[in-house]
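Going line by line, the protein sequences match chains A and B.
Using our numbering, the first residue of the first sequence is number 6, and each one after it goes up by one.
Using our numbering, the first residue of the second sequence is number 6, and each one after it goes up by one.
Protein chains: 2
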Amino acid sequence: MPERLLLDRLLLIADVLQRDMARAFAGTELSGARMAVLWVVHHSGPATQQALATELDVTPRNISALVDALETAGFVRRAPHPADRRAHLVELTGAGVELMTRTAREHAELSARLLDAVAGDDRAALERGLDAIAVRLAQLIAEADESADDAASR
Amino acid sequence: MPERLLLDRLLLIADVLQRDMARAFAGTELSGARMAVLWVVHHSGPATQQALATELDVTPRNISALVDALETAGFVRRAPHPADRRAHLVELTGAGVELMTRTAREHAELSARLLDAVAGDDRAALERGLDAIAVRLAQLIAEADESADDAASR
DNA sequence: TATTGTTATACTCTATAACTATA
DNA sequence: TATAGTTATAGAGTATAACAATA
């Protein structure tokens, strides 16, 4: 009988978090992809669609559609770019600021409740472990990218 | 300046894992949703499409499409159900068994490499912490469901 | 000539609803 | 009457390619 793997634990939590988010968004005009756009604008301030596409690693076309939906829903507006008439600056409306303020608070509350479930003695080790995993994961992916590049150029 | 939250760490890892999977599947006939079907059949054996829909919490219609794609790709077949002529039993082909055997091995290898990145003294605490988080998450979602049911029946 | 954003098109995942064959 | 699966239709997220306006 195989023991439970670390990766299984991580994927289980990832899946539950994602399903919970999807359920919370059901029936609203929001979604995970749209919320990702709002997070970037909330944290980094008004941004061009190119900047959003780069930051979120999706195509500019995809950003157009997401911003269309968010604009229709009233959470962002396209303001003119002060120096480049081709570009727009996507910025939060009042409703967008209100939404993101509330969402950030709920995010912190959920985080606190989850940390609260972990034994006090285990908390620091858990955070160190998660950070180490994130770093290693990034390394492994970078290595895989190099191998793929090598294969492509050979 | 807000400290980094536990939830941010979990969501970062979840996002990276998901992107890495999507990248690994690019250009193949596989995807996360199709692989989820294969995992269930691999672990639980031949299953009806109803059983798969229930297990994966998607609609039977969705399972039809996923099994169509997996059948075309040669990883599963629809065998007749021995006792119910309406139903099919979805089972792995030889290629499906080979794929899942290899995938399970790679899964275990990645898991070992990630655990290897965690300091030896932190490993047990990390696993306990993740399990505690999964349990608490399930509790919170169950509570939210009850509240929603109350609201619906009121 | 290069960049920003959009229109056109297509594919995957997902859902609901109506239908067929069988139980 | 209920269940297993499919056809029909729709919407979100994603991609590539071609194009317009501007740099």
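We treat Cβ as the ideally placed atom computed from N, Cα and C, and that holds for glycine.
Amino acids of chain A, ordered along the chain, whose beta-carbon sits closer than 8 Å to that of residue i
i, result
"G160 of chain B", "Any answer about residue 160 of chain B is impossible in this case: the structure gives chain B only from 6 up to 159."
Unbroken alpha helix (DSSP H) run spanning residue i, endpoints
i, result
"P60 of chain A", "First, the amino acid is wrong: residue 60 of chain A is Glu here, not Pro. Here the alpha helix (DSSP H) through E60 of chain A covers Q54 to L61."
Closer than 8 Å at the beta carbon, the chain B residues around residue i
i, result
"T116 of chain A", "Position check: residue 116 of chain A holds Ser in this sequence, whereas Thr was assumed. Result: L10, L11, L12 and D13."
Residue i - containing beta strand (DSSP E), residue span
i, result
"V95 of chain B", "H93 to L97"
Contact with chain A by residue i, beta-carbon distance below 8 Å
i, result
"R66 of chain B", "no"
Cross-chain neighbours of residue i in chain A, by beta carbon under 9 Å
i, result
"R141 of chain B", "R118, L119, D121, A122 and V123"
Chain B residues whose Cβ lies nearer than 9 Å to that of residue i
i, result
"D19 of chain A", "Per the sequence shown, residue 19 of chain A should be read as Ala rather than Asp. L15, L16, I18, A19, D20, L22 and Q23, listed in chain order."
Cutoff 8 Å: residue i Cβ touching any chain B Cβ
i, result
"L145 of chain A", "yes"
"A137 of chain A", "yes"
- Message: Give the list of continuous alpha helix (DSSP H) stretches no shorter than 4 residues that lie fully inside the segment 28–87 of chain B.
- Response: Runs of the alpha helix (DSSP H) inside the segment 28–87 of chain B: 37–49, 54–61 and 65–78.
- Message: Any contact between the segment 113–132 of chain A and the segment 124–131 of chain B? By contact I mean 3 or more CB pairs, one from each, below 8 Å.
- Response: Touching, yes.
- Should the segment 83–95 of chain B be regarded as contacting the segment 81–101 of chain A, the criterion being three or more beta carbon pairs within less than 8 Å? Contact between the segment 83–95 of chain B and the segment 81–101 of chain A is absent, because fewer than three Cβ pairs lie under 8 Å.
- Count the CB pairs spanning the segment 18–30 of chain A and the segment 135–151 of chain B that are closer than 8 Å, and state whether there are at least three. Yes: the two stretches touch, three or more of their Cβ pairs being nearer than 8 Å.
- Query: Could you give the uninterrupted runs of the alpha helix (DSSP H) lying entirely in the segment 93–143 of chain B, keeping only those of 4 residues or more?
  - Reply: Along the segment 93–143 of chain B, the alpha helix (DSSP H) occurs as fully enclosed runs of 4 or more residues at 99–121, listed in sequence order.
- Task: Pair every Cβ in the segment 64–77 of chain B with every Cβ in the segment 30–45 of chain B, then say whether three or more of these pairs are closer than 8 Å.
- Result: By the Cβ rule, the segment 64–77 of chain B counts as touching the segment 30–45 of chain B, because three or more pairs are nearer than 8 Å.
- Query: With contact counted as at least three CB pairs below 8 Å, one residue from each stretch, are the segment 112–122 of chain B and the segment 105–123 of chain A in contact?
  - Reply: Verdict: no, contact absent.
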